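Numbering (our numbering), first residue to last: 27 to 176. Even for Gly, the Cβ is constructed at its ideal location relative to N, Cα and C. All of these numbers come straight from a predicted model, not from anything done at the bench. Below you'll find the structure, written out as structure tokens, and then a few comments.
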């Protein structure tokens, strides 16, 4: 069987599983948002090939690491600001609205699932839609904080 035939078989099997289930859960990662212009983190050319991550302990301990984090965050903010949900995001929102899935669990921080209309979204790695102080827990929209560090 050719590759296309295997894919079609997989799609048919998935449709049968969804038909037989009360509701499913969609799990997504960076791949769903790359079509929206957001780079993934781990592939060649991804974010971590251009910079190294700033870990929480280093962020708290080192002013230089905080500066590096906010420089990286400023660059990412511009990329995220231009991104719009794509067909994949909208398809999952429609599946949720139709009662076919009960939630989306994502590794993404871009908020595109919510923008597409998904209501029950679990963001495993946090969100880019809110910035919170680690001391007082006050929250701000990212635009406000990014403007302060420009």
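- In the DSSP assignment, residue 158 is bridged to 165.
- Straight through space, the alpha carbons of residue 166 and residue 51 are spaced by roughly 30 Å.
- In this structure, the beta-carbon distance from residue 172 to residue 100 falls below 7 Å.
- At the C-beta level, residue 112 and residue 170 stay beyond 7 Å of one another.
- Counting the other CB atoms within 10 Å of its CB gives residue 36 a total below 16, which places it among the exposed residues.
- In the three-state DSSP reduction, residue 50 falls in the strand class (E or B).
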